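Our numbering puts the first residue of the sequence shown at 195, with every later residue one more than the last.
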Amino acid sequence: MDEKKFLIEKVLAVKADLTQREVIDALALLRHDTVNIPVVYIGSGTCGKVAGANDTFVAVNRYLEEKNIKAEVVQVGCIGLCSYEPLVDIQLPGKARISFKSITHERVETLLDDIFNSEVPTENVLGQFNNKRHNRWNNVPLINELPFFRLQHRVVLANCGVSNPDSISDYIARGGYQTYLKCIRNYTSEKICNIVDQSGLRGRGGGGYLTGEKWMMAHNTVSDQKYLICNAAESDPGAFMDRAVIEGDPHLLLEGIAITAYAIGATKAYIYVMDEYSQAYFMLNQAINQLKDFGFIGYNIFESGVDFKITLVKGPGAFVCGEETALINSIEGKRGMPRPKPPYPAIEGLFGKPTVINNVETLANIPFILRHGPLHFNEIGIPEARGTKVFAISGKAMITGLVEVPMGTSIRDIIFKIAGGVKDGKDFKAVQIGGPSGSCLPASQLDLTVGYESLWSEGAIIGSGGMIVMDEDTCMVDIAKFFMNFLQKESCGKCIPCREGTRRIHEILENITRRPTGESGFEVLERFKGIIQLADLSEVIRDTSLCGLGQTAPNPLLSAMKWFRDEFEEHVFDRKCRAGVCKELRLFYIDVDKCIGCVACLRKCPSNAIVGQPRQPHFIIEEKCIGCGICFDVCKFVAVKLK
Numbered sequence: 195m196d197e198k199k200f201l202i203e204k205v206l207a208v209k210a211d212l213t214q215r216e217v218i219d220a221l222a223l224l225r226h227d228t229v230n231i232p233v234v235y236i237g238s239g240t241c242g243k244v245a246g247a248n249d250t251f252v253a254v255n256r257y258l259e260e261k262n263i264k265a266e267v268v269q270v271g272c273i274g275l276c277s278y279e280p281l282v283d284i285q286l287p288g289k290a291r292i293s294f295k296s297i298t299h300e301r302v303e304t305l306l307d308d309i310f311n312s313e314v315p316t317e318n319v320l321g322q323f324n325n326k327r328h329n330r331w332n333n334v335p336l337i338n339e340l341p342f343f344r345l346q347h348r349v350v351l352a353n354c355g356v357s358n359p360d361s362i363s364d365y366i367a368r369g370g371y372q373t374y375l376k377c378i379r380n381y382t383s384e385k386i387c388n389i390v391d392q393s394g395l396r397g398r399g400g401g402g403y404l405t406g407e408k409w410m411m412a413h414n415t416v417s418d419q420k421y422l423i424c425n426a427a428e429s430d431p432g433a434f435m436d437r438a439v440i441e442g443d444p445h446l447l448l449e450g451i452a453i454t455a456y457a458i459g460a461t462k463a464y465i466y467v468m469d470e471y472s473q474a475y476f477m478l479n480q481a482i483n484q485l486k487d488f489g490f491i492g493y494n495i496f497e498s499g500v501d502f503k504i505t506l507v508k509g510p511g512a513f514v515c516g517e518e519t520a521l522i523n524s525i526e527g528k529r530g531m532p533r534p535k536p537p538y539p540a541i542e543g544l545f546g547k548p549t550v551i552n553n554v555e556t557l558a559n560i561p562f563i564l565r566h567g568p569l570h571f572n573e574i575g576i577p578e579a580r581g582t583k584v585f586a587i588s589g590k591a592m593i594t595g596l597v598e599v600p601m602g603t604s605i606r607d608i609i610f611k612i613a614g615g616v617k618d619g620k621d622f623k624a625v626q627i628g629g630p631s632g633s634c635l636p637a638s639q640l641d642l643t644v645g646y647e648s649l650w651s652e653g654a655i656i657g658s659g660g661m662i663v664m665d666e667d668t669c670m671v672d673i674a675k676f677f678m679n680f681l682q683k684e685s686c687g688k689c690i691p692c693r694e695g696t697r698r699i700h701e702i703l704e705n706i707t708r709r710p711t712g713e714s715g716f717e718v719l720e721r722f723k724g725i726i727q728l729a730d731l732s733e734v735i736r737d738t739s740l741c742g743l744g745q746t747a748p749n750p751l752l753s754a755m756k757w758f759r760d761e762f763e764e765h766v767f768d769r770k771c772r773a774g775v776c777k778e779l780r781l782f783y784i785d786v787d788k789c790i791g792c793v794a795c796l797r798k799c800p801s802n803a804i805v806g807q808p809r810q811p812h813f814i815i816e817e818k819c820i821g822c823g824i825c826f827d828v829c830k831f832v833a834v835k836l837k
């Protein structure tokens, strides 16, 4: 039986006597290519809800009820424009779907009044979607022509923020699960492994290992039971790619999981989700139940002889559990601690059986590869890295959110052309790429392309895809200290180099950023000795740690010291933080020509470091000043200044 025809009949709950025209029209309604009543789409991913999407949802439903308007309200995932949330799209019968930004509940009534009267409020409009079935709105740009979307190539994020993530019928109407049925009915598992290998897909979790080779290793290992694990333990600061994919298009991930399990001969799959990702967990649980109702998982699926079961597991959110062997321990109910390798999980993994572990983005690429073929996927990107990569842009970028670009795109294009550059007119200083174990790259490295070898050559890693943009007000010593503090807290403690080495590096950085008031000669000597040992200590940690966390832990420090050495020297020798971030190194003074003696700063100073009489200029005693900056904040006459 034809897979497409079979799925259409299952979704539409009809027999094959429908005309082709009727089938096309029914599928168009499911996809909302055509609508009979107005449809309001509300971006209700986690980022949208934080921005107030729940209140917007309530306001929209209240408006429709009060005005007695029959309309459909659909909650969708994040389209990537996180800084513009809450996003609301509106589609009227016969008209193009049009998107609006920053629609808080207070703006709902005005927006809907205008749209239902065929007027487009220009203040919050983003753009309209291009569809040949729709009539366009006048003087409204196409959304895919906006700078944010123009350079993107959406494979994994294609349906996020567009389709209804709650509906398996919507996903099937867009071609979903046809590829899975085709695979289990027509392809051998070895053929699927070969197709993925030919595509050149590499793991998107950071290591960049060839996915097809990993699959083939597990496929060729003889065992009575094999497992697949989807690693959705996204615990990097500033990373939210996996969460957005799950919340925006859960069935894409599940189809990728189902195809992968069949390819390696696994009958059981585990999806390991952080406990903090409550909405993502709910979406996956709901989608898995829909798969059961439709018969896509279970025993002898559609009489193909294939058995398959998916289990959701909540993880503790520990950073170390992103390492595959620590993740295996966690699923088995043990403490999340890495195991020595070899043996590799593909040979001996979960419960001692062959196990393939891929992250969300890797698995979400699989349906596209099997549907369009390996050569089509191979044409996207560059020789060293085929396909696309999803990045989570955060920090001081003008637009924060998710972008998906072809491998080989320059960092400069991502930050300045797609994300709009640095906000508030500030100068770009650095970008942290690769998560807490990644590297800080300066402006001189912006023309580096995103790929595995291209970043490795400069001591950086692509990681899972976090990209934190920093402006001129950032202190690179403080950034290094932040990440080392994170890593030493997240160390599992199993091996001494990681456990003790990261803690010692953090102590040294703390000493660099602490005011030397009252330091004895011995303490000064210890501080300088520690600074001299930073590079050697980092190399020891990198060379002798057991797992990837420890081996890459020194990266943020080493990259900051490489590219911003002058800032470290200022902190060490001049005891100065040029960005004014390190509070204990900040020294304030009062301009006597501007101070009128209002005593506001004197009253607020927590360390009694300010002296003076009312209506007379005040003074700051440097030995007592703790650099908190309260005096700077409360002075209305700009008399308090930073040295």
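Glycine included, C-beta positions come from ideal geometry on N, C-alpha and C. All values derive from a computational prediction rather than experimental measurement.
Quiz item: Closest to R697 by CA distance: which of S732, D436, F722 and E763 is it?
Solution: The candidate whose alpha carbon is nearest that of R697 is S732.
Exercise. Using DSSP bridges, identify the partner residues of Y235.
Key: According to DSSP, Y235 bridges with V268 and D283.
Quiz item: Which residue comes first and which comes last in the alpha helix (DSSP H) that contains C692?
Solution: Residue range I690 to I706 is occupied by the alpha helix (DSSP H) that includes C692.
Practice problem: Please list, in chain order, all residues of the same chain as S363 whose beta carbon is under 7 Å from its beta carbon, the five residues on each side excluded. | Solution: Counting only Cβ-Cβ distances below 7 Å, and skipping sequence neighbours, we find V205 and L224.
Quiz prompt | Reduced DSSP secondary structure (H/G/I, E/B, other) of A438 | solution = Of the three classes helix, strand and coil, the one that applies to A438 here is helix, per DSSP.
Self-check item: Which of helix, strand or coil DSSP assigns to D621
Solution: Per DSSP, reduced to three states, the secondary structure at D621 is coil, with no helix or strand assignment.
Quiz item: From F585 to G660, what distance separates their C-alpha atoms?
Solution: In a straight line, the C-alpha of F585 is about 6 Å away from that of G660.
Quiz item: Among residues of its own chain, excluding the 5 on either side of M195, which ones have a beta-carbon nearer than 7 Å to its beta-carbon?
Solution: Only weak support is given to the placement of M195: the predicted model assigns it a pLDDT of 46, under 50, and the value that follows is read from those uncertain coordinates. Contacts found: none.
Quiz item: DSSP three-state call for S363: helix, strand or coil?
Solution: Note: S363 maps to helix in three-state DSSP.
Quiz item: Can you tell me whether DSSP reads I541 as helix, strand or coil?
Solution: Residue state, collapsed to three classes: coil.
Quiz prompt | Paired residues, beta bridge with P636 - DSSP | solution = Partner(s): A624.
Quiz item: Shortest alpha-carbon distance to A674 belongs to which of Q392, S633 and P808?
Solution: A674 has its Cα closest to that of S633, out of Q392, S633 and P808.
Quiz item: Is the segment 809-827 in contact with the segment 779-795, if contact means three or more CB pairs nearer than 8 Å?
Solution: Between the segment 809-827 and the segment 779-795, the count of Cβ pairs shorter than 8 Å is three or higher; the stretches touch.
Exercise. Rank D621, D667 and T582 by C-alpha distance to the C-alpha of G397 and give the top, closest one.
Key: The shortest C-alpha to C-alpha distance from G397 to any of D621, D667 and T582 is the one to T582.
Self-check item: Which of helix, strand or coil DSSP assigns to T549
Solution: DSSP places T549 in strand when its eight states are reduced to three.
Exercise. For W650, count neighbouring Cβ atoms within 10 angstroms of its own Cβ and tell me buried if that reaches 16, exposed if not.
Key: Taking a 10 Å sphere around the C-beta of W650, we find fewer than 16 other C-beta atoms and assign the residue as exposed.
Quiz item: With a Cβ-Cβ cutoff of 8 Å, do I525 and Y466 count as a contact?
Solution: Their beta carbons are under 8 Å apart, which means I525 touches Y466 by this criterion.
Quiz item: Candidates F676, I551 and E684: which alpha carbon is nearest T454's?
Solution: If we check each option's Cα against that of T454, I551 comes out closest.
Self-check item: Proximity winner among A245, G653 and Y538, relative to C272 (alpha-carbon distances)
Solution: Its Cα nearest to that of C272, the residue A245 stands out among A245, G653 and Y538.
Exercise. Run the proximity test for D607: is its beta-carbon closer than 7 Å to any non-hydrogen atom belonging to the ligand ATP?
Key: With respect to the ligand ATP, the structure offers nothing, as it holds no ligand at all.
Quiz item: What's the call for D827, buried or exposed, on a 16-neighbour Cβ count within 10 Å?
Solution: Label assigned to D827: exposed.
Practice problem: Check the C-beta distance from F342 over to I612 and give it rounded, since I have them as a contact under 8 Å. | Solution: Going by Cβ atoms, the distance from F342 to I612 rounds to 6 Å, so yes, they are a contact pair.
Exercise. Rank G791, C789, K798 and E778 by C-alpha distance to the C-alpha of E816 and give the top, closest one.
Key: For E816, the closest of G791, C789, K798 and E778 by C-alpha to C-alpha distance is E778.
Practice problem: Output the distance between the C-alpha atoms of G402 and H445, rounded to the nearest integer angstrom. | Solution: Answer to the nearest angstrom: the Cα atoms are 24 Å apart.
Self-check item: Assigned exposure category for A367 - 16 Cβ within 10 Å defines buried
Solution: Classified as buried, A367 has 16 or more neighbouring CB atoms from the shown chains inside 10 Å of its CB.
Self-check item: Three-way DSSP call (helix, strand, coil) for R839 in this model
Solution: Missing from the structure shown is residue 839; the chain here goes from 195 to 837 and no further.
Exercise. Going by DSSP, name the residue or residues bridged to K508.
Key: By DSSP's assignment, K508 forms a beta bridge with V467.
Quiz item: Can you name, in chain order, every residue of its own chain whose Cβ lies under 8 Å from the Cβ of E517, other than the five neighbours on each side?
Solution: Here the set comprises P532, C741, G742 and L743.
Quiz item: According to the neighbour-count rule (16 or more other Cβ atoms, all chains shown, within 10 Å of its Cβ), is A754 buried or exposed?
Solution: Classification for A754: buried.
Practice problem: Pick out whichever of N324, A654, L557 and V663 has its Cα sitting closest to the Cα of A463. | Solution: The candidate whose alpha carbon is nearest that of A463 is L557.
Exercise. Using beta-carbon positions only, say whether F571 and L395 come within less than 8 Å of one another.
Key: Yes, these two residues count as a Cβ contact at 8 Å.
Self-check item: Length-filtered (4 minimum) alpha helix (DSSP H) runs lying within the segment 640-679
Solution: Listed in chain order, they are 646-650.
Quiz item: Can you find at least 3 beta carbon pairs, one from the segment 277-284 and one from the segment 234-253, that sit closer than 8 Å?
Solution: Two segments are said to touch when three or more pairs of C-beta atoms, one from each, lie closer than 8 Å; by this definition the segment 277-284 touches the segment 234-253.
Self-check item: Endpoints, the beta strand (DSSP E) within which I423 is located
Solution: Per DSSP, I423 belongs to the beta strand (DSSP E) from Y421 to A426.
Quiz item: If you count every other CB in all the chains shown that lies within 10 Å of the CB of A412, and 16 or more means buried, which is it?
Solution: A buried status is given to A412, since no fewer than 16 other beta-carbon atoms sit within 10 Å of its beta-carbon.
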